[in-house]
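Top to bottom, those sequences are chains R and Z. The numbering of the first sequence is this note's numbering, which starts it at 1 and goes up by one. The numbering of the second sequence is this note's numbering, which starts it at 1001 and goes up by one. For every residue, glycine included, the Cβ atom is placed at its ideal position computed from N, Cα and C. Predicted model, so just to flag it, every value in this text is computed and none were measured. In what follows, a single structure is set out as structure tokens and then discussed.
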Amino acid sequence: GAVVSQHPSWVICKSGTSVKIECRSLDFQATTMFWYRQFPKQSLMLMATSNEGSKATYEQGVEKDKFLINHASLTLSTLTVTSAHPEDSSFYICSATPAGETQYFGPGTRLLVL
Amino acid sequence: GENVEQHPSTLSVQEGDSAVIKCTYSDSASNYFPWYKQELGKGPQLIIDIRSNVGEKKDQRIAVTLNKTAKHFSLHITETQPEDSAVYFCAASTGGFKTIFGAGTRLFVKA
Chain R
1 GAVVSQHPSW VICKSGTSVK IECRSLDFQA TTMFWYRQFP KQSLMLMATS NEGSKATYEQ
61 GVEKDKFLIN HASLTLSTLT VTSAHPEDSS FYICSATPAG ETQYFGPGTR LLVL
Chain Z
1001 GENVEQHPST LSVQEGDSAV IKCTYSDSAS NYFPWYKQEL GKGPQLIIDI RSNVGEKKDQ
1061 RIAVTLNKTA KHFSLHITET QPEDSAVYFC AASTGGFKTI FGAGTRLFVK A
């Protein structure tokens, strides 16, 4: 149980284009989903917390107009990187929690912006 | 705010030996402590967790201990195997969905 999927697993795009990443909880309803960014050999950096049906809460330093988050249902959250640039290249990971504190992570999406 | 320190950053052990990873936290209100294993190119996987009303929890070869007074908790892996090689993250949560992660420990198990 507690499976979270992400799509796509990797994406290459041109600078200036937008990329959408989907995060789904497959066997539970997720009241809260989280989006993280991870640089090589570093820990997880929380970008934003999203609750179903409400606006996401962004961490300090994360541009909300750059990283658009939509949590339209209890099983789906999307992260859109708008006007992507090479510095946005990273490993993006989502997590979801059915209730309480336990977070279940997706497999991650590797983004490369050329 | 909460801060979680994790040591060591790198750990190399021989297959069959034990591995211990230690974490300390700063917020005494923290009451939930999960451990995650992350293999290369994958998302973190929850391997064990402990709540503040428990001092120790074991699941086969892995165990976690918690010392609330000293504000530290540890992950113990016994009889290590090459497939245990990964990055391990500890984390602490106060129950408000705010989870703080440690910097990670890269474990190498040599066959």
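| said: At the level of alpha carbons, what is the spacing between Leu1011 of chain Z and Ala1111 of chain Z? | reply: Each residue's alpha carbon lies about 14 Å from the other.
| field | Proximal residues to Ile1077 of chain Z (C-beta, below 7 Å), its chain only, five neighbours per side dropped | value | Around Ile1077 of chain Z: Ser1018, Ala1019, Arg1061, Ile1062 and Asp1084.
| said: Does Pro969 of chain Z come out as helix, strand or coil in the three-state DSSP assignment? | reply: The structure shown does not extend to residue 969 of chain Z, since chain Z is modelled only from 1001 to 1111, so the question has no answer here.
| query | Whose Cβ in chain Z lies nearer than 8 Å to the Cβ of Thr80 of chain R? | reply | By Cβ distance, chain Z contributes nothing, its closest Cβ being about 19 Å from Thr80 of chain R, past 8 Å.
| message | Measuring alpha carbon to alpha carbon, tell me which residue in R:Thr75, R:Thr80, R:Glu63 and R:Ala84 is nearest Val4 of chain R. | response | It is R:Thr75.
| request: Put Pro1034 of chain Z into one of helix, strand or coil per three-state DSSP. | output: Strand, per DSSP.
| said: I want to see whether chain R comes within less than 8 Å of Phe1099 of chain Z, judged by CB atoms only; does it? | reply: Checking the sequence shown, residue 1099 of chain Z turns out to be Thr, not Phe. The beta carbon of Thr1099 of chain Z sits closer than 8 Å to some beta carbon of chain R.
| field | 6 Å CB neighbourhood of Tyr58 of chain R in its chain, flanking five on each side removed | value | Shown here for Tyr58 of chain R: same chain residues with a beta carbon closer than 6 Å to its own, the five before and five after excluded, namely Ala48 and Lys64 in chain order.
| task | Check whether the Cβ atoms of Gly1043 of chain Z and Phe39 of chain R sit closer than 8 Å, and answer yes or no. | result | No, these two residues do not count as a Cβ contact at 8 Å.
| query | Using 8 Å as the limit for Cβ to Cβ distance, is Pro98 of chain R near chain Z? | reply | Not one chain Z Cβ lies under 8 Å of Pro98 of chain R.
| task | Locate the beta strand (DSSP E) running through Ala1029 of chain Z, then write down its first and last residues. | result | Counted as a single uninterrupted DSSP element, the stretch harbouring Ala1029 of chain Z is not any beta strand (DSSP E), since DSSP gives it neither H nor E.
| Among R:Ala30, R:Tyr36, R:Thr17 and R:Arg110, which has the Cα closest to the Cα of Met45 of chain R? | Residue R:Tyr36 is the option with its Cα nearest to Met45 of chain R.
| message | Which of the three DSSP states is assigned to Glu22 of chain R in this structure? | response | Here Glu22 of chain R sits in strand by DSSP.
| task | With a 10 Å radius around its C-beta and 16 neighbouring C-beta atoms as the bar for buried, classify Pro1034 of chain Z as buried or exposed. | result | By the 10 Å Cβ count, Pro1034 of chain Z comes out buried.
| What do you get for Ala30 of chain R, buried or exposed, if any count of 16 or more other CB atoms within 10 angstroms of its CB means buried? | Buried: at least 16 other Cβ atoms inside 10 Å.
| request: Give the straight-line distance between the Cα atoms of Leu79 of chain R and Ile1050 of chain Z, rounded to the nearest whole angstrom. | output: Taken atom to atom, the span from the alpha-carbon of Leu79 of chain R to that of Ile1050 of chain Z is near 31 Å.
| Taking the continuous beta strand (DSSP E) assigned at Thr1010 of chain Z, which residues delimit it? | Start and end: Thr1010 to Gln1014.
| query | Counting contacts by CB-CB distance shorter than 8 Å, is Tyr58 of chain R in contact with chain Z? | reply | Taking 8 Å as the CB threshold, Tyr58 of chain R stays off the interface with chain Z.
| field | Sequence-distant residues of the same chain with beta carbon closer than 7 Å to Glu1005 of chain Z, five excluded per side | value | If we look at Glu1005 of chain Z and ignore the five residues flanking it on each side, its Cβ neighbours are Cys1023, Thr1024 and Gly1102.
| query | Which residue or residues does DSSP assign as beta-bridge partners of Val1109 of chain Z? | reply | Bridge pairing for Val1109 of chain Z: Z:Val1013 [DSSP].
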